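Student: Counting in our numbering, the sequence shown runs from 322 upward without gaps.
Note that the Cβ used here is the ideal one computed from N, Cα and C, for glycine as well.
In this text, all values refer to a predicted model and were calculated from it rather than measured experimentally.
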Amino acid sequence: MATLKVPESVPSPGEDAEQLRKAFQGWGTNEALIISILAHRNAAQRKIIRQIYAETYGEDLLKALDKELSNDFERIVLLWTLDPTERDAFLANEATKRLTSNNWVLMEIACTRSSLGLFTVRQAYHARFKKSLEEDVAYHTSGDFRKLLVPLVSSFRYEGDEVNMILAKSEAKILHEKISEKAYNDEELIRILTTRSKAQLNATLNRYNNEFGNSINKDLKSDPDDEYLKLVRATIKCLTCPEKYFEKLLRLAINKLGTDEWALTRVVATRAEVDMQRIKEEYHRRNSVPLDQAIAKDTSGDYEKMLLALIGHGDA
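Listed below in structure tokens is the structure:
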């Protein structure tokens, strides 16, 4: 369900590297040329372009882009050009930094990547930052947030469709008991959310809904302003219907006073090759406005062009 538009006949990676080099030379940078190449190459193609660029010109393409570009346009191009696993490791590391500390980004990466995907993010994190992701998450979080996030980022869930209905029934009951007692940080509740397969969780939450007459997220809204409860609800959404989670993130990023470019950039860069089509459909359904129109109204220049190209907008 990706939206990335890759042309039928793609130039060789060598040609792409040469064209990018040309875009950096002469007076001013040729941003349109950069967009026309990078926004229309998939992850495997971008990786080879980077390798060839480094071999041919003795410089990392990311460093060249960093020198030539600026602001939001620079950020979206750099994030996009990174290998998806490296990108997640970079975003996770950024999210653990004190000043930008962002529990949501960590939760999002932990819950919307495949088990193997998350495992390779941990490996990339290790290689790049000489620490483990779990270590940094544990160090930069505290209290209930730490209790939830460390097992989430350490998780290696079963990916198959097998579901145990007896277990779903008993764990729905456990979740209901803990939530009724307001024991939101209970080990059992956290264990279920951080270890069960997505298929199993869906079965458990359907059971919860049928048995107790409310969706679990409704019952977790007892204190709408509680930041930890917000994160628990978002965790459940990310695990069970990520397109709804990302739609809301985009809606909040775009329709606020002043755009939240960080969130907008992150969602587009990380989901364009995954499920952006579903997110666009959900956005249109929820807001009665197509996502590309909302982005065009709220952004401008090369940043806008790059975003629109990545979400598969017609002539971008």
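(1) By the three-class DSSP mapping on this structure, what secondary structure does R512 have?
(2) Do the stretch 459-472 and the stretch 602-612 make contact, defined as three or more Cβ pairs closer than 8 Å?
(3) On a CA-only basis, which of T350, S501, I600 and L412 is nearest S391? Give me that one, please.
(4) Can you give the Cα-Cα distance for Y460 and G347, rounded to whole angstroms?
(5) Is it right to say K618 is buried, meaning 16 or more other beta carbons lie within 10 angstroms of its own, or is it exposed?
(6) Could you give the distance in angstroms between the alpha-carbon of E339 and the alpha-carbon of V398?
(7) Can you give the Cα-Cα distance for E625 and E352, rounded to whole angstroms?
(8) Exposed or buried, T421, counting other C-beta atoms within 10 Å across all chains shown (16 or more means buried)?
(9) Would you call the stretch 408-418 in contact with the stretch 429-446, where contact means no fewer than 3 C-beta pairs closer than 8 Å?
(10) My guess is that L473 and I500 are in contact by the Cβ rule of under 8 Å, so how many angstroms apart are they, rounded?
(11) Output the distance between the C-alpha atoms of L629 and F394, rounded to the nearest integer angstrom.
(12) H361 to I600, Cα distance in whole Å?
(13) How long is the line joining the alpha carbons of M486 and I616, rounded to whole angstroms?
(14) In whole angstroms, what is the alpha-carbon distance linking S681 and E509?
(15) Using 8 Å as the threshold, is the stretch 527-541 in touch with the stretch 551-569, meaning 3 or more CB pairs across them?
(16) Leaving out five residues before and five after L573 in sequence, what residues of the same chain have Cβ atoms less than 8 Å from its Cβ?
(17) Would R492 be called buried (16 or more neighbouring beta carbons within 10 Å of its own) or exposed?
(18) In whole angstroms, what separates the C-alpha of Q521 from that of V484?
(19) What are the boundary residues of the alpha helix (DSSP H) that includes C562?
(20) Could you compute how far the alpha carbon of V327 sits from the alpha carbon of M597?
(21) With H, G and I counted as helix, E and B as strand and the rest as coil, what does DSSP make of T421?
(22) What is the DSSP secondary structure of L612, counted as helix, strand or coil?
(23) Can you find the residues in the same chain that come closer than 6 Å, C-beta to C-beta, to N423, ignoring five residues on each side of it along the sequence?
(24) Which residue from D482, G438 and A431 puts its Cα closest to that of E455?
(25) Cutting at 7 Å between CB atoms, please list the residues of its own chain near T647, excluding the five before and the five after it.
(26) Just reading off the alpha helix (DSSP H) that S357 is part of, what are its end residues?
(27) Quick one: residues in its chain with C-beta nearer than 8 Å to the C-beta of S453, no 5 flanking neighbours on either side, listed in chain order?
(28) Tell me which residue opens and which closes the alpha helix (DSSP H) that E389 is part of.
(29) Is the beta carbon of I632 closer than 8 Å to that of T433?
(30) Can you tell me which of the three DSSP states E480 falls into?
(31) Helix, strand or coil for M627? Go by DSSP, reduced to three states.
(32) From F567 to D613, what does the alpha carbon distance come to, in whole angstroms?
(33) Alpha helix (DSSP H) containing L341: first to last residue?
(34) Compute the Euclidean distance between the alpha carbons of T402 and L383, then round it to the nearest angstrom.
Tutor: Reading it off the structure:
(1) The sequence position of residue 512 within the sequence shown is 191, counting from 1. Correct three-state label for R512: helix.
(2) Verdict: no, contact absent.
(3) Here residue 391 corresponds to residue number 70 of the sequence shown, with the count starting at 1. Closest by alpha carbon: T350.
(4) Along the sequence shown, one-based indexing puts residue 460 at 139. Along the sequence shown, one-based indexing puts residue 347 at 26. One C-alpha to the other measures close to 46 Å.
(5) As a first step, residue 618 is located in the sequence shown; it is residue number 297 there, counting from the start. With fewer than 16 Cβ atoms within 10 Å of its Cβ, K618 is classed as exposed.
(6) Within the sequence shown, numbered from 1, the residue matching residue 339 stands at position 18. Within the sequence shown, numbered from 1, the residue matching residue 398 stands at position 77. For E339 and V398, the distance between alpha carbons rounds to 17 Å.
(7) As a first step, residue 625 must be located in the sequence shown, where it is residue number 304. As a first step, residue 352 must be located in the sequence shown, where it is residue number 31. When rounded, the distance between both Cα atoms is 12 Å.
(8) Counted from its first residue, the sequence shown places residue 421 at position 100. The residue in question, T421, is exposed, as its Cβ has fewer than 16 Cβ neighbours within 10 Å.
(9) Verdict: yes, contact present.
(10) Taking the sequence shown and counting its residues from 1, one reaches residue 473 at position 152. Taking the sequence shown and counting its residues from 1, one reaches residue 500 at position 179. Not quite, the Cβ-Cβ distance comes to about 18 Å (not below 8 Å), so this is no contact.
(11) Numbered from its first residue, the sequence shown carries residue 629 at position 308. Numbered from its first residue, the sequence shown carries residue 394 at position 73. One Cα belongs to L629, the other to F394, and the distance between them is close to 12 Å.
(12) As a first step, residue 361 must be located in the sequence shown, where it is residue number 40. As a first step, residue 600 must be located in the sequence shown, where it is residue number 279. One C-alpha to the other measures close to 19 Å.
(13) Mapped onto the sequence shown, residue 486 falls at position 165. Mapped onto the sequence shown, residue 616 falls at position 295. C-alpha separation (whole angstroms): 43 Å.
(14) It is not possible to answer for residue 681, since the shown part of the chain is limited to 322 through 637.
(15) With the cut-off at 8 Å, the stretch 527-541 and the stretch 551-569 touch.
(16) By 1-based counting over the sequence shown, the position of residue 573 is 252. Taken in chain order, the residues that qualify are D581 and A584.
(17) Taking the first residue of the sequence shown as position 1, residue 492 is located at position 171. Per the sequence presented here, residue 492 reads as Glu, with Arg not at that position. Burial call: buried.
(18) Counting from one through the sequence shown, the residue named residue 521 turns up at place 200. Counting from one through the sequence shown, the residue named residue 484 turns up at place 163. Near 5 Å, if we compare the C-alpha coordinates of V484 and Q521.
(19) By 1-based counting over the sequence shown, the position of residue 562 is 241. Counted as a single uninterrupted DSSP element, the stretch harbouring C562 is not any alpha helix (DSSP H), since DSSP gives it neither H nor E.
(20) Position 6 of the sequence shown, counting from 1, holds the residue named residue 327. Position 276 of the sequence shown, counting from 1, holds the residue named residue 597. In a straight line, the C-alpha of V327 is about 15 Å away from that of M597.
(21) The residue given as residue 421 occupies position 100 in the sequence shown. If DSSP states are grouped into helix, strand and coil, T421 belongs with coil.
(22) The residue given as residue 612 occupies position 291 in the sequence shown. L612: helix per DSSP, three-state reduction.
(23) In the sequence shown, counting from the first residue as 1, residue 423 sits at position 102. Closer than 6 Å at Cβ, skipping near neighbours: A416.
(24) On the sequence shown, residue 455 is found 134 positions in, with the first residue counted as 1. Here the closest residue by C-alpha is A431.
(25) An answer regarding residue 647 cannot be provided, because it is not within the stretch 322 to 637 covered by the chain.
(26) On the sequence shown, position 36 is the one that residue 357 refers to. Unbroken alpha helix (DSSP H) run through S357: E352 to L359.
(27) Translated into positions along the sequence shown, residue 453 becomes position 132. If we look at S453 and ignore the five residues flanking it on each side, its Cβ neighbours are R443, Y446 and H447.
(28) Counting from one through the sequence shown, the residue named residue 389 turns up at place 68. Note, E389: alpha helix (DSSP H), L382 to E389.
(29) In the sequence shown, residue 433 corresponds to position 112, counting from 1. In the sequence shown, residue 632 corresponds to position 311, counting from 1. It is not a contact, given that the beta carbons lie outside the stated cut-off.
(30) The sequence position of residue 480 within the sequence shown is 159, counting from 1. Note: E480 maps to coil in three-state DSSP.
(31) Counting from 1 along the sequence shown, the entry for residue 627 is found at position 306. Under the three-state reduction of DSSP, M627 is assigned to helix.
(32) What you label residue 567 is simply residue 246 of the sequence shown in a count that begins at 1. What you label residue 613 is simply residue 292 of the sequence shown in a count that begins at 1. Cα to Cα, the separation comes out at about 15 Å.
(33) Here residue 341 corresponds to residue number 20 of the sequence shown, with the count starting at 1. Counting along the chain, L341 sits inside the alpha helix (DSSP H) bounded by residues P334 to F345.
(34) Here residue 402 is taken as the residue at index 81 of the sequence shown, counted from 1. Here residue 383 is taken as the residue at index 62 of the sequence shown, counted from 1. Computed Cα separation, rounded: 7 Å.
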